[in-house]
Structures are given as structure tokens and as C-alpha cells.
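J.: In the working numbering, the protein residues as written are 277 to 487. Backbone N, C-alpha and C fix where the C-beta goes; we use that ideal spot for every residue, glycine too. Being a predicted model, the structure only gives us computed values, none of them experimental. Would you mind keeping the following structure in view while I ask a few things?
Here it is, written out as C-alpha cells:
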């Protein structure tokens, strides 16, 4: 390219250099400035309020779509077990505590303690445990479930509390473990759905369920 004498940067006065640099502003700087100017501004308080109400409504709708925790589920399971025991002629019970855990995609754990009144025998404890376990397995709300059931015996001479179904356990001076799930032939104190199916068949609330 031919240069015009006296017009190149090497001979350009310093004032011309500064003017030339200002004229060479990068293109994206101007675009960014225009984008910033185009940013929507909401100044109407009524519109802002409407948007806020809409956001709250959307949040409520999203919460309604989520699975809700059934309120009072442990109490309903407790009533179910007590009714089953009474219907089986096993009403001589001093207390019953039930706690239903959340499954979070897995079978929920139903843990219960039944306190047998003295002088109950071990055979009585096994009958109580089997009846309560079957009632829990056939509950109308959850299927399948995992069950941890125990029969305790009130014992004033016991030196320690066996614990059990958490804070809902019957308020007694002391309790001793009388029978747990091993008394029904399960491998340990917790019976899994496949084991419960082998003993009691499909749960009543889902007759087509198979392990």
C-alpha cells in the first residue's frame, strides 16, 4: 500500500495520534453499551406486586406436586395393630408404640414395640408378634414395607430400658425384650419385603406385588 508522505503514524503529531486512538474504539464496547441500555426496567409497583404474587403461587403449586408426608401415619398404624390384636383375642396389652419412617424411594421401615402384660408366656409373645406383623404388612397405606417388631414385657426388676420404637415407646418403669422377629423365623430383628412375602404372601393393599 502506498503511503501519502506526511500522513503515516510515524510523522503524525501527538494530538492526531490521540484523536486516531479515540476513533479506533473496539466494536464490542459499543454493543455492550447498547445492550445495557436495552435492559428492561420495571418501575410500576403494581406490576412488581403482580410478579411477586405469581412467584408465590408457583411455589405453592410446586409444593403441592411433591409427595406429602402423611400426617398421623404412626398413630394410624398403632390403632391398626391394636385393633388386630383385640380381634385376635390378644387384648391383654399394656402398651404399644409404632414409628413409621420415610422410605425416600425405598420401602419404609415400620418399627413397633408391644408391651405384653404379665404373666404372658413366650408363646403368647410369639402370637402377639405374628398378629401385629401381619397387620402391619397388610396395612392399607404402604406396600411393601420393612418391619422391625418386638414384644416387650414389663419387669419391675429389670435394670435397664430396652428402648424400642423411639420416643413413642410406652412410659413404663422398665421393659425387657420378650420376642423379636427371629422368633417368627426371620434371619434377624428386621424383616425385609421378600422375607415377609414368603411368610405372609403379597400385601393386602397391593395383591399383585412380587419381590
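(1) Between residue 405 and residue 455, is the Cβ-Cβ spacing less than 8 Å?
(2) Straight-line CA distance for residue 479 to residue 407?
(3) Exposed or buried, which one is residue 365 when buried takes at least 16 other CB atoms within 10 Å?
(4) What are the complete beta strand (DSSP E) segments, minimum 3 residues, inside the region 349-395?
(5) What are the boundary residues of the alpha helix (DSSP H) that includes residue 476?
(6) Can residue 412 and residue 421 be called in contact, C-beta distance under 8 Å?
(7) Roughly how many angstroms separate the alpha carbons of residue 350 and residue 371, rounded to a whole number?
(8) When we look at the beta-carbon of residue 348 and count the other beta-carbons within 10 Å, is it buried (16 or more) or exposed?
(9) First and last residue of the alpha helix (DSSP H) that includes residue 400?
(10) Taking the alpha-carbon of residue 374 as reference, which of 465, 430, 357 has the nearest alpha-carbon?
(11) Taking the Cβ atom as the reference point for each residue, do residue 426 and residue 385 lie within a distance shorter than 8 Å?
(12) Between the Cα of residue 487 and the Cα atoms of 469, 476, 394, 481, which residue gives the shortest distance?
(13) In three-state terms, what does DSSP make of residue 428?
(14) What are the partner residues of residue 453, as DSSP defines its beta bridges?
(15) Please state if the CB of residue 429 and the CB of residue 459 are separated by a distance shorter than 8 Å.
(16) Could you check the C-alpha separation between residue 387 and residue 424 for me, to the nearest Å?
(17) Given this structure, state the Cα-to-Cα distance separating residue 485 from residue 396, to the nearest angstrom.
(18) Roughly how many whole angstroms lie between the Cα atoms of residue 476 and residue 415?
(19) Could you tell me which of 457, 401, 418, 472 sits nearest to residue 380, measuring between CA atoms?
T.: Let me spell this out:
(1) Walking along the chain shown from the start, residue 405 turns up at place 129. Walking along the chain shown from the start, residue 455 turns up at place 179. Yes, these two residues count as a Cβ contact at 8 Å.
(2) For the purposes of this step, residue 479 is identified with residue 203 of the chain shown, where counting begins at 1. For the purposes of this step, residue 407 is identified with residue 131 of the chain shown, where counting begins at 1. Each residue's Cα considered, the two are about 14 Å apart.
(3) Working through the chain shown from its first residue, we reach residue 365 at position 89. Classification of residue 365: exposed, given that the 10 Å Cβ count is below 16.
(4) 369-376, 384-392
(5) As a first step, residue 476 must be located in the chain shown, where it is residue number 200. Here the alpha helix (DSSP H) through residue 476 covers 469-476.
(6) For the purposes of this step, residue 412 is taken as residue 136 along the chain shown, with counting starting at 1. For the purposes of this step, residue 421 is taken as residue 145 along the chain shown, with counting starting at 1. Yes. Within cutoff.
(7) As a working note, residue 350 is residue 74 in the chain shown. As a working note, residue 371 is residue 95 in the chain shown. Spanning the two alpha carbons is a distance of roughly 14 Å.
(8) Residue 348 sits at position 72 when you count from the first residue of the chain shown. Result: exposed.
(9) On the chain shown, residue 400 is found 124 positions in, with the first residue counted as 1. Taken as a continuous stretch (DSSP letters only), the alpha helix (DSSP H) holding residue 400 covers 398-413.
(10) Stepping through the chain shown from its first residue, residue 374 is reached at position 98. When C-alpha distances from residue 374 are compared across 465, 430, 357, the shortest belongs to 357.
(11) The sequence position of residue 426 within the chain shown is 150, counting from 1. The sequence position of residue 385 within the chain shown is 109, counting from 1. No, they are not a contact pair.
(12) Within the chain shown, numbered from 1, the residue matching residue 487 stands at position 211. Comparing Cα-Cα distances from residue 487 to each of 469, 476, 394, 481, the minimum goes to 469.
(13) Residue numbering aside, residue 428 sits at position 152 when the chain shown is read from its first letter. Strand.
(14) In the chain shown, residue 453 corresponds to position 177, counting from 1. Answer is 428.
(15) One-based indexing of the chain shown puts residue 459 at position 183. One-based indexing of the chain shown puts residue 429 at position 153. For residue 459 and residue 429, no; Cβs fall outside 8 Å.
(16) For the purposes of this step, residue 387 is identified with residue 111 of the chain shown, where counting begins at 1. For the purposes of this step, residue 424 is identified with residue 148 of the chain shown, where counting begins at 1. Computed Cα separation, rounded: 5 Å.
(17) The residue given as residue 485 occupies position 209 in the chain shown. The residue given as residue 396 occupies position 120 in the chain shown. Each residue's alpha carbon lies about 36 Å from the other.
(18) The residue given as residue 476 occupies position 200 in the chain shown. The residue given as residue 415 occupies position 139 in the chain shown. Each residue's alpha carbon lies about 13 Å from the other.
(19) Taking the chain shown and counting its residues from 1, one reaches residue 380 at position 104. When each option's Cα is compared against that of residue 380, the closest is 418.
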